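Going from the sequence shown to this note's numbering is simple: count from 1 and add 76.
For glycine and all other residues, C-beta sits at the position ideal for the given N, C-alpha and C.
As the structure is a computational prediction, the values presented were derived from the model and not from experiment.
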Amino acid sequence: MDLSLEATIAALASPPGSAARGIVRLSGDGVRDVLAGWFEPNNRDCWQSNGFASVHAGVLNLPEARTAIPVEVHLWPNRWSYTGQPIAELHLPGSPPLLEAVLAEAHRRGARPARPGEFTLRAFLAGRLDLLQAEAVLGVIDAHDHSELQAALAQLAGGLSGRLAELRHDLLELLADLEAGLDFIEEDIEFVDRCELIGRIAEARRFVEGLLQQSSDRMQSRARAKVVLAGLPNAGKSTLFNRLASNASALVSPREGTTRDFLSAPVDWQGLSFELIDTAGWELDPTGIAQAAQHQRVDQLRDADVLLWCSSATLDPPQQELDEQLFAQTQADARCVVRVVTQIDRRVVVRESDDTVQPSVAISAVTGEGLDDLAELLRSRLATSRGPGRQWLGMTAARCRESLAAVAASLARAEEAAESDMTGDELLAIDIREALDHLGRILGAVYTDDILDRVFSKFCIGK
């Protein structure tokens with residue numbers, strides 16, 4: 077990877093296609109030289125920088141296109157910009173041919189085409205972001221829903237970085253105490269008590285293993301959440317499935333047992349993104365293919381972020397009793413259960429349920445009544461079930477997990493060495509240094525071209 081910062085770079089920073097406004101972004105010490113010959117500002121003093129960001133209206137002359145266009149130039153003149161270099165953003169009408177002409181003129185006047193993620197790479201190299209925060213920029217861009225956006229923004233704000241930086245600081249202090257003791261080994265001066273040493277290493281190891289466990293629980297945290305529909309046969313599950321998964325088509329019939337295999341479809345609904353799964357209707361004593369369907373259903377329930385238990389509003393008292401019995405069985409298998417009273421368009425009185433045990437919402441998948449309430453309830457339950465603690469690590473799970481596992485292994489060796497009377501502090505210090513090295517790779521304090529390639533190759537050009 078080319079880590080040179082001398083060149084001025086330029087790229088389209090707005091999404092492709094036509095729009096009211098488009099943005100061409102430039103970064104580098106030569107920004108003023110690139111723009112000076114063809115940008116005519118209304119205010120001739122615009123280049124007399126006071127060190128603050130500013131906006132200047134004017135005209136861009138495009139000799140190759142034989143036209144001039146109105147433009148606003150947003151200037152960040154110094155190292156306090158995003159990249160730590162002078163930045164200019166040209167805001168102009170978002171016509172693709174115009175944007176291409178402006179970008180071509182910038183290249184003709186000395187700006188090099190930016191590589192994928194190069195603006196954020198420069199921010200990292202300038203110390204404006206650490207490596208976790210740089211990856212969070214991509215998380216913000218790629219967020220599927222509000223919860224993923226919030227998780228990425230928390231990481232961008234330094235949530236995970238801060239916790240790992242604190243761990244690194246603690247290990248550095250521990251290493252300093254150990255090495256101070258090595259300097260005075262002949263005087264038999266103990267800078268840190270052995271029991272305290274073991275405790276500090278064990279605490280650090282448990283913290284890292286906790287992060288690893290969170291990563292294991294949600295390695296697919298950037299994938300869609302999993303919402304499963306379950307309930308008695310003919311509870312309206314397939315009708316609800318078809319309503320939410322508009323491109324899917326589950327067979328709907330008044331005859332029981334229409335759904336035997338499970339169906340799944342991606343759903344983007346009211347700001348939520350999740351995988352919706354329709355399962356076969358529950359039976360108390362299934363046999364044959366129904367029994368196989370039940371085994372499959374239990375697996376789906378255990379893997380669900382939220383289970384929607386569909387209870388028809390048309391059930392008679394014996395069916396209600398069976399529904400309650402089967403509903404109770406799901407409590408041991410599912411992480412989060414929401415009772416949904418379905419088919420309210422076919423009843424006279426809404427069935428009552430014990431809201432102190434599980435939240436309930438009444439809906440009609442046919443008329444749409446109650447679906448807004450279901451969306452809000454599902455939003456809150458998904459946030460609780462997935463949890464921000466699981467999501468903030470998911471953005472960088474693949475790269476972090478490798479280094480976190482190495483940190484945990486180094487700390488485990490250090491803890492074992494500290495508990496052994498046969499191991500000297502020299503070997504203990506080596507293990508702690510290794511843990512610090514792997515932590516540095518996560519944060520970007522220690523990096524190689526290969527690490528940077530893995531991170532920034534995922535970005536699009538202009539970011």
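What separation, rounded to the nearest whole angstrom, lies between the Cα atoms of R239 and R185?
Indexing the sequence shown from 1 puts residue 239 at position 163. Indexing the sequence shown from 1 puts residue 185 at position 109. The straight-line gap separating the alpha-carbon atoms of R239 and R185 is approximately 45 Å.
Would you report the Cα separation of A164 and G193, rounded to the nearest angstrom?
Here residue 164 corresponds to residue number 88 of the sequence shown, with the count starting at 1. Here residue 193 corresponds to residue number 117 of the sequence shown, with the count starting at 1. Answer to the nearest angstrom: the Cα atoms are 17 Å apart.
Straight-line Cα distance separating L503 from C536:
Indexing the sequence shown from 1 puts residue 536 at position 460. Indexing the sequence shown from 1 puts residue 503 at position 427. When rounded, the distance between both Cα atoms is 44 Å.
Let me make sure I understand the geometry here. Which of N310, G347 and V304 has the alpha-carbon closest to that of L339?
Here residue 339 is taken as the residue at index 263 of the sequence shown, counted from 1. Here the closest residue by C-alpha is V304.
Compute the Euclidean distance between the alpha carbons of L229 and Y158, then round it to the nearest angstrom.
Position 153 of the sequence shown holds residue 229. Position 82 of the sequence shown holds residue 158. C-alpha separation (whole angstroms): 16 Å.
Same chain only: Cβ atoms within 7 Å of A489, ignoring 5 sequence neighbours per side
Taking the sequence shown and counting its residues from 1, the one referred to as residue 489 is at position 413. With the sequence shown as reference, residue 489 is identified as Arg, and Ala is not the correct amino acid for it. If we look at R489 and ignore the five residues flanking it on each side, its Cβ neighbours are D507.
Short Cβ contact (8 Å threshold) for L236 with L205
Residue mapping note: residue 236 aligns to position 160 of the sequence shown, counting from 1. Residue mapping note: residue 205 aligns to position 129 of the sequence shown, counting from 1. Result no, Cβ atoms of L236 and L205 do not sit closer than 8 Å.
Just verifying my parser: in three-state terms, what is the DSSP assignment at T460?
For the purposes of this step, residue 460 is identified with residue 384 of the sequence shown, where counting begins at 1. Helix at T460.
Length at least 3, wholly inside the stretch 95-160: the beta strand (DSSP E) runs in chain order:
95-103, 115-117, 130-138 and 143-152
Exposed or buried, what is H245 when buried is set at 16 or more other beta-carbons lying within 10 Å of its beta-carbon?
On the sequence shown, residue 245 is found 169 positions in, with the first residue counted as 1. Answer is exposed; the Cβ neighbour count stays below 16.
Would you kindly report the start and end of the unbroken beta strand (DSSP E) that includes S314?
Here residue 314 is taken as the residue at index 238 of the sequence shown, counted from 1. That residue, S314, is in no beta strand (DSSP E); its alpha helix (DSSP H) goes K313 to L320.
According to DSSP, which residues form a beta bridge with A511?
For this step, residue 511 is matched to residue 435 along the sequence shown. Beta-bridge pairing links A511 to no other residue.
Candidates G286, T315 and A341: which alpha carbon is nearest K302's?
Against the sequence shown, residue 302 aligns to sequence position 226. With respect to the C-alpha of K302, the residue from G286, T315 and A341 having the closest C-alpha is A341.
With DSSP as the reference, label A87 as helix, strand or coil.
The sequence position of residue 87 within the sequence shown is 11, counting from 1. DSSP, read as helix, strand or coil, puts A87 in strand.
May I have the straight-line CA-CA distance separating L519 from G203, to the nearest angstrom?
The residue labelled residue 519 in the question sits at position 443 within the sequence shown. The residue labelled residue 203 in the question sits at position 127 within the sequence shown. Answer to the nearest angstrom: the Cα atoms are 11 Å apart.
V107 CB to nearest heavy atom of the ligand PLP below 7 Å
Ligands are entirely absent from the displayed structure, and the ligand PLP is therefore not among its contents.
Can you look up V433 in the DSSP assignment and give me helix, strand or coil?
The residue given as residue 433 occupies position 357 in the sequence shown. Confidence at V433 is low in this model, with a pLDDT of 42, below 50, so the placement of that residue is unreliable and no value is reported for it.
Alpha carbons only, please: which of E242, L384 and R101 is nearest the one belonging to L175?
Taking the sequence shown and counting its residues from 1, one reaches residue 175 at position 99. Of the candidates E242, L384 and R101, the one whose C-alpha sits nearest the C-alpha of L175 is R101.
In chain order, what residues of the same chain lie with their CB nearer than 6 Å to the CB of P117, ignoring the 5 residues before and after it?
Here residue 117 refers to the residue found at position 41 of the sequence shown. Around P117: H132 and G134.
Taking just the CA atoms, how far does N310 sit from G594?
Nothing about residue 594 can be reported from this structure: the residues present for the chain run from 77 to 539 only.
Please classify W156: is it buried, with 16 or more other beta-carbons within 10 angstroms of its beta-carbon, or exposed?
One-based indexing of the sequence shown puts residue 156 at position 80. When all chains shown are included, W156 counts as exposed.
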